Amino acid sequence: MSDINEEYLRKHFPECMDNDKNKVDHYAVDKLLWTASVEDIKSGYRFDFLKNKYVCLFCGKEYERGIVFPFEDLLFEAERAVQNHIKIIHGNVFECLVGLNKKFNDISEVQKDLLKLFYKGLSDKEIVEQQGGGSTSTIRSHRYKLKEREKQAKVFLAIMSLLEANDSSGKSMQGILDILSQSEIDSLINAYLRNNR
Ligand SMILES: [Zn+2]
């Protein structure tokens, strides 16, 4: 029976054979994160409308909608199957996201450790006790800095969304203007004016 289980896991979950929870494929994350919403990122997967598939954001594994997937003597539809996959292969989504490398998550190691303790619901006093030193005011200061980063990230996201919305109307022209020098732009305008007199 153990052989059958191992064979099943090797076939369906090759990534879990190395027993490395919270493991992520940063190359897949790089490709998939770009088109994922914040809500998708929080769940660890997104639905790809073109492929009609649910995709794990941490490794790119796909589950086609309309197909059932067996797991532990039960059958699961695609969305439940991708949720099972994340739980088994990657573990906790919060820890996966916190553990992403600097390209996706430029948080210091100290703050990453603290975030994991905050997530567990520990108070500042309990964190100081667990760390065997420090002060509650230092922990409070980290909480404050993290909230500041959240505000900055929201503003940056809004800026980039506005830029993208603006780009869809004038992208090609902007691209041309970026390439041409000012004198080339002037001569193009003069030529346009000459031809349209
Ligand atoms: Zn995965």
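In terms of numbering that gives the first Met the number 0, the sequence shown is residues 0 to 196. Think of the CB as a built atom: it goes at the ideal place given N, C-alpha and C, for glycine as much as any other residue. None of the values given here were measured: they were computed from a predicted structure.
If you measure between the beta carbons of residue i and residue j, is that distance less than 8 angstroms?
i           : j           : result
residue 28  : residue 103 : yes
residue 106 : residue 116 : no
residue 129 : residue 121 : yes
residue 231 : residue 145 : Residue 231 cannot be examined here, being either before or after the span of the chain that is shown, 0 to 196.
Classify residue i as buried or exposed, calling it buried when 16 or more other Cβ atoms lie within 10 Å of its own Cβ.
i           : result
residue 57  : buried
residue 92  : buried
residue 77  : buried
residue 150 : exposed
residue 162 : exposed
residue 156 : exposed
residue 85  : buried
residue 60  : buried
Have a look at the DSSP bridge pairing and note the partners of residue i.
i           : result
residue 47  : 52
residue 247 : Coverage of the chain is limited to positions 0 through 196, which leaves residue 247 absent and any answer about it impossible.
residue 61  : 54
Note down, in chain order, each residue of its chain lying with its Cβ closer than 7 angstroms to the Cβ of residue i, except the 5 sequence neighbours on either side.
i           : result
residue 81  : 44, 53, 55, 62
residue 75  : 67, 68, 83
residue 135 : 123, 124, 127
residue 137 : none
residue 35  : 45, 56
residue 118 : 93
Excluding five sequence neighbours on each side, which residues of the same chain lie with their C-beta closer than 8 angstroms to the C-beta of residue i?
i           : result
residue 32  : 40, 56, 103
residue 139 : 123
residue 23  : 57, 58, 89, 95, 98, 99
residue 26  : none
residue 51  : 63, 64, 65
residue 30  : 59
For residue i, which residues in the same chain have their Cβ closer than 6 angstroms to its Cβ, ignoring the five residues on either side in sequence?
i           : result
residue 46  : 53
residue 113 : 141
residue 48  : none
residue 70  : 83
So is the beta-carbon of residue i under 7 angstroms away from any non-hydrogen atom of ligand 2?
i          : result
residue 68 : The model depicted lacks ligand 2 and carries ligand 1 instead.
Exercise. Counting only runs of 4+ residues fully inside the region 100-171, write out the alpha helix (DSSP H) ranges in chain order.
Key: Secondary structure remark: continuous alpha helix (DSSP H) runs of at least 4 residues inside the region 100-171, in chain order: 108-118, 123-130.
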